[in-house]
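Chemist: Provided herewith is a single structure, encoded as structure tokens, for subsequent inquiry.
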Amino acid sequence: MQNRRGVMRGTLALAGGLALPGSLRAQALLGPAPPLVPMRLSPDQLIDLKCCIRPLRAAGPNLGTETVRDRLVIHNYGHGGSGWSLSWGSAEVAVGKALSVLPDRIAVVGCGIIGLTSAIVAQRAGLAVTIYARDPIQQTRSFRASGSFTPGSRIALAGPAGPQFPDQWEHMARYSWKMFRTMLGLPGEPVAFGDSYSLSDNPIERRTWPADPAIAARYETTGLPQQNSEFARLDSRIRDIVPQSVPLQPGENPFGTPYATRSSHMYFNFPAYSHLLMTEFLARGGRYEMRNLHSPADVGDLPERVVIHATGYAARDLWQDHTVIPVRGQTGWLVPQPGVNYSIRSNNMSAMAKADGIVIMNNNPDLGEMLGVGDSMELPNRAPVEEAMASLSRFFWPADQRGAA
Amino acid sequence: MNRRALAIALAGGLAMLAASPATGRGTQSGVYTTGQADEGARIYAARCAMCHGAQLEGTVETPGLVGKFVANWAGRPLGNLFAYLGRAMPQNAPGTLSPEDTTALVAFILRANGAPAGSRPLSPDAAGLGRIDFEAASLAR
């Protein structure tokens, strides 16, 4: 097994040391950590490419209300790269507003993760719910995400979101986190944790994005963010519950790189998760109707008088909300590999094991949140995925054996 | 007919009037020309097929433009589709189709869904398109 090279390198480093850190003493007592099953990152394993547009809304998600004819419309869209992660908290806010006008039935427009979760939260509160959508969740943009708990990803721009938004975000993030905990360990693992290794030849430091004074343009003048410093950075508000990266000692690093960190990351297995939600929705008497709304006026034709609007990026056209900014992202998917239950990341290329495959991402480290901003091309591009696979292969296989896995 | 039944019938009639365009002209009555649809096919190949597929079949992720597509657009004024294509498509460059190109694409899509061609061209006139009913397909034709 080739990754023993790494383990051996780590062992050699250990032999050269004099004082043993506490974690290594523990390792000596318990024996070496079991080796990781190496990932097969050869091109033949690539079975899917997915591309999707995140709905970044400068002011943060729209959770406002308005009236169309005599229908009360409660918005729940525009969650950037945080829709899955904030879904329960955001649904709680939207459904709370619906409940306050005492309906016995509501409509939900859209069946992505926000719409479907909103529907279930409403059902759990005793309401009868009909979902109107063009496609079921498996065919929505939600299903084309990468599926990690990333509640602060492109969720808002700090200025337009205003001073109240961070508190609302924190409430939604904490609420969602607790709800995800109720789904751990269920059959099919709709929600799971995995070890995530960050690997480098150089010391690993958290990247910061100070404002570049040479860039005068900004969202307020152009309608698009112009640099990373404009984005809201909120993740540190929940670092007391979300596992943070810890540096690995040489003997703890299975990959033998000079520097490594490990964190425990929560992720979502789309097939099991969507099956679980749809099963609950239908078991509670939910009705799904294929319907493509073309304008806000169409809401007036729905029989329900209270409507939760959750169409994500589609709201840009449907509701003519041009503060929704497209942010393109893409993933490659490899054949699921039994025994591989961890992720690696290096230079912002990553491979993350999930139930429905190993997710490959190649995100330019110098662009940060700006990667894909303003890009609404939704066709995937294979080359960056293959580049990431080839690059990450070095952690498992020597150059002359790559592709032979 | 008692008064209550009359009221229900009247209400039903009004509802039907509200849901359907003002004239009886529908997409099954020949609302575009073959030349327009041919032009639409050329534009489609260049601007649309990359996502929606050469046969308008779509993918799991991109809507097809035949079959289920009709269910999503029929029963409404054809102007809805015209307006949507004009402002939202192609997704990577919305708003870049001219009204004439958009009309040709509508003609091409209608033909692909079994609506017959006629002798008069479809006009890129939003009000006029708003009076044409996008009718269900007529597969038995």
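Line order of the protein sequences matches chains A and B.
Mapping the first sequence onto our numbering, position 94 (from 1) lands on 94, and the numbers just tick up by one.
Our numbering runs 1000 ahead of the 1-based position in the second sequence.
Where is the CB? At the ideal position from N, CA and C, for every residue including glycine.
1. What do you reckon, are the CB atoms on A/Val299 and A/Arg40 nearer than 7 Å?
2. For a contact defined as C-beta to C-beta under 7 Å, what are the partners of B/Ala1048 on chain A?
3. For B/Trp1073 and B/Leu1065, I'd like the C-alpha separation in whole angstroms.
4. Taking Cβ positions, are A/Pro190 and A/Met183 nearer each other than 7 Å?
5. Quick one: is B/Ala1127 buried, meaning 16 or more other Cβ sit within 10 Å of its Cβ, or exposed?
6. For A/Ser278, decide whether its Cβ has a neighbour in chain B, counting only Cβ atoms nearer than 7 Å.
7. Determine the contact status of A/Ile106 and A/Glu252, defining contact as a CB-CB distance below 7 Å.
8. Here's a check: name, in chain order, each residue in its chain whose Cβ is nearer than 6 Å to the Cβ of A/Ala388, leaving out the five neighbours to either side.
9. Buried or exposed: where does A/His322 fall if 16 or more other Cβ atoms within 10 Å of its Cβ makes it buried?
10. How many angstroms separate the CA atom of A/Leu12 from the CA atom of B/Cys1048?
11. Taking a contact to mean a Cβ-Cβ separation below 7 Å, would you say A/Ile131 touches A/Tyr288 in this structure?
12. Kindly say whether B/Arg1091, judged by its beta-carbon, lies nearer than 7 Å to any beta-carbon of chain A.
13. Tell me which residue opens and which closes the beta strand (DSSP E) that A/Ser346 is part of.
14. Kindly examine the ligand ADP and report whether one of its heavy atoms sits closer than 6 Å to the Cβ of A/Phe231.
15. Going straight from the alpha carbon of A/Asn292 to that of A/Arg134, what length do you get?
16. From this set, A/Met266, A/Ile325 and A/Gly147, which residue's C-alpha is nearest A/Tyr77's C-alpha?
17. Alpha carbons only, please: which of A/Asp356, A/Gly332 and A/Pro338 is nearest the one belonging to A/Arg382?
18. Assess contact between the stretch 100-116 of chain A and the stretch 310-321 of chain A, defined as three or more Cβ pairs (one per stretch) separated by less than 8 Å. Is contact present?
19. Is there at least one Cβ from chain A nearer than 7 Å to B/Val1070's Cβ?
20. Exposed or buried, A/Glu205, counting other C-beta atoms within 10 Å across all chains shown (16 or more means buried)?
21. What's the gap between the Cα of A/Ala125 and the Cα of A/Pro103?
22. At which residue ranges does the stretch 275-361 of chain A contain complete alpha helix (DSSP H) runs of 4 or more residues, listed in the order of the chain?
23. My parser needs the beta strand (DSSP E) runs of 3 or more residues fully inside the stretch 109-187 of chain A; what are they?
24. Whose Cβ in chain A lies nearer than 7 Å to the Cβ of B/Val1060?
25. DSSP on A/Pro103, reduced to helix/strand/coil?
26. Among A/Asp356, A/Thr117 and A/His79, which has the Cα closest to the Cα of A/Gly286?
27. Based on the DSSP secondary-structure assignment, which residues constitute the bridge partners of A/Met370?
28. Identify each residue in the stretch 281-294 of chain A for which the Cβ-Cβ distance to at least one residue of chain B is less than 8 Å, and report them in chain order.
29. Return the residue from the list A/Val68, A/Asn347, A/Leu392 and A/Asp317 that minimises the CA-CA distance to A/Ser376.
30. Does the distance from the C-beta atom of A/Pro254 to that of A/Leu36 stay below 7 Å?
31. In chain order, what are the residue ranges of uninterrupted beta strand (DSSP E) at least 3 long that sit wholly in the stretch 233-269 of chain A?
32. Is it right to say A/Gln45 is buried, meaning 16 or more other beta carbons lie within 10 angstroms of its own, or is it exposed?
33. Chain B beta carbons: is any one of them nearer than 7 Å to that of A/Glu189?
34. Along the chain, where does the alpha helix (DSSP H) containing B/Leu1129 start, and where does it finish?
35. Grab me the residues of B/Leu1137's own chain with a C-beta within less than 7 Å of its C-beta, minus the 5 sequence neighbours each way, in chain order.
36. If you run the structure through DSSP and keep just helix, strand and coil, what is A/Pro61?
Modeler: In terms of the structure at hand:
1. Position 299 of the first sequence, counted from the first residue, corresponds to residue 299 of chain A. Position 40 of the first sequence, counted from the first residue, corresponds to residue 40 of chain A. It is not a contact, given that the beta carbons lie outside the stated cut-off.
2. If you number the second sequence from 1, residue 1048 of chain B lands on position 48. The amino acid at residue 1048 of chain B is misidentified as Ala; the sequence shows Cys. Residues of chain A passing the Cβ test: none, with the nearest at roughly 12 Å.
3. For this step, residue 1073 of chain B is matched to residue 73 along the second sequence. For this step, residue 1065 of chain B is matched to residue 65 along the second sequence. Computed Cα separation, rounded: 10 Å.
4. The residue you call residue 190 of chain A lines up with position 190 of the first sequence. The residue you call residue 183 of chain A lines up with position 183 of the first sequence. Yes, these two residues count as a Cβ contact at 7 Å.
5. For this step, residue 1127 of chain B is matched to residue 127 along the second sequence. Looking at its Cβ environment, which holds fewer than 16 other Cβ atoms inside 10 Å, B/Ala1127 is exposed.
6. Within the first sequence, the letter at position 278 stands for residue 278 of chain A. The sequence shown places Met at residue 278 of chain A, rather than the Ser named in the question. So, not an interface residue.
7. Looking up residue 106 of chain A in the first sequence gives position 106. Looking up residue 252 of chain A in the first sequence gives position 252. Result no, Cβ atoms of A/Ile106 and A/Glu252 do not sit closer than 7 Å.
8. The sequence position of residue 388 of chain A within the first sequence is 388, counting from 1. Closer than 6 Å at Cβ, skipping near neighbours: Met349, Ile360 and Asn362.
9. Here residue 322 of chain A refers to the residue found at position 322 of the first sequence. Result: exposed.
10. To locate residue 12 of chain A, count along the first sequence from 1; it is residue 12. To locate residue 1048 of chain B, count along the second sequence from 1; it is residue 48. Any reading at A/Leu12 must be qualified, since the residue scores a pLDDT of 32, below 50, and its modelled position is unreliable; the value itself is stated next. The alpha-carbon atoms of A/Leu12 and B/Cys1048 are separated by roughly 58 Å.
11. One-based indexing of the first sequence puts residue 131 of chain A at position 131. One-based indexing of the first sequence puts residue 288 of chain A at position 288. Yes, these two residues count as a Cβ contact at 7 Å.
12. The residue labelled residue 1091 of chain B in the question sits at position 91 within the second sequence. Going by the sequence as given, residue 1091 of chain B is Gln instead of Arg. Closer than 7 Å: yes.
13. For the purposes of this step, residue 346 of chain A is identified with residue 346 of the first sequence, where counting begins at 1. Where A/Ser346 is concerned, the enclosing beta strand (DSSP E) stretches over Tyr342 to Ser346.
14. What this structure holds is no ligand at all, so the ligand ADP is not there to describe.
15. Position 292 of the first sequence, counting from 1, holds the residue named residue 292 of chain A. Position 134 of the first sequence, counting from 1, holds the residue named residue 134 of chain A. In a straight line, the C-alpha of A/Asn292 is about 5 Å away from that of A/Arg134.
16. As a working mapping, residue 77 of chain A is identified with position 77 in the first sequence. Nearest C-alpha to A/Tyr77: A/Ile325.
17. By 1-based counting over the first sequence, the position of residue 382 of chain A is 382. Nearest of A/Asp356, A/Gly332 and A/Pro338 to A/Arg382, Cα basis: A/Gly332.
18. yes
19. Residue numbering aside, residue 1070 of chain B sits at position 70 when the second sequence is read from its first letter. With 7 Å as the cut-off, B/Val1070 does not count as an interface residue toward chain A.
20. What you label residue 205 of chain A is simply residue 205 of the first sequence in a count that begins at 1. When all chains shown are included, A/Glu205 counts as exposed.
21. To locate residue 125 of chain A, count along the first sequence from 1; it is residue 125. To locate residue 103 of chain A, count along the first sequence from 1; it is residue 103. Whole-angstrom Cα-Cα distance: 11 Å.
22. 315-318
23. 128-133
24. Indexing the second sequence from 1 puts residue 1060 of chain B at position 60. Near B/Val1060 (Cβ distances below 7 Å), the residues of chain A are Gln139.
25. Start at 1 with the first residue of the first sequence, and residue 103 of chain A comes out as number 103. Residue state, collapsed to three classes: coil.
26. Here residue 286 of chain A refers to the residue found at position 286 when the first sequence is read from its first residue. Checking every option, the nearest Cα to that of A/Gly286 belongs to A/Thr117.
27. What you label residue 370 of chain A is simply residue 370 of the first sequence in a count that begins at 1. Per DSSP, none; premise fails for A/Met370.
28. Met290, Arg291, Asn292 and His294
29. Against the first sequence, residue 376 of chain A aligns to sequence position 376. It is A/Asp317.
30. Position 254 of the first sequence, counted from the start, is the residue given in the question as residue 254 of chain A. Position 36 of the first sequence, counted from the start, is the residue given in the question as residue 36 of chain A. Contact: yes.
31. 259-268
32. Numbered from 1 along the first sequence, position 45 holds the residue referred to as residue 45 of chain A. A/Gln45 comes out buried.
33. Here residue 189 of chain A is taken as the residue at index 189 of the first sequence, counted from 1. No, A/Glu189 lies away from the interface with chain B (no Cβ there is under 7 Å from its Cβ).
34. Here residue 1129 of chain B corresponds to residue number 129 of the second sequence, with the count starting at 1. Residues Ala1126 to Leu1129.
35. Position 137 of the second sequence, counting from 1, holds the residue named residue 1137 of chain B. The sequence given here has Ala at residue 1137 of chain B, not Leu. Result list for B/Ala1137: Val1070, Asn1113 and Gly1114, in chain order.
36. As a first step, residue 61 of chain A is located in the first sequence; it is residue number 61 there, counting from the start. The answer is coil: DSSP assigns A/Pro61 none of H, G, I, E or B.
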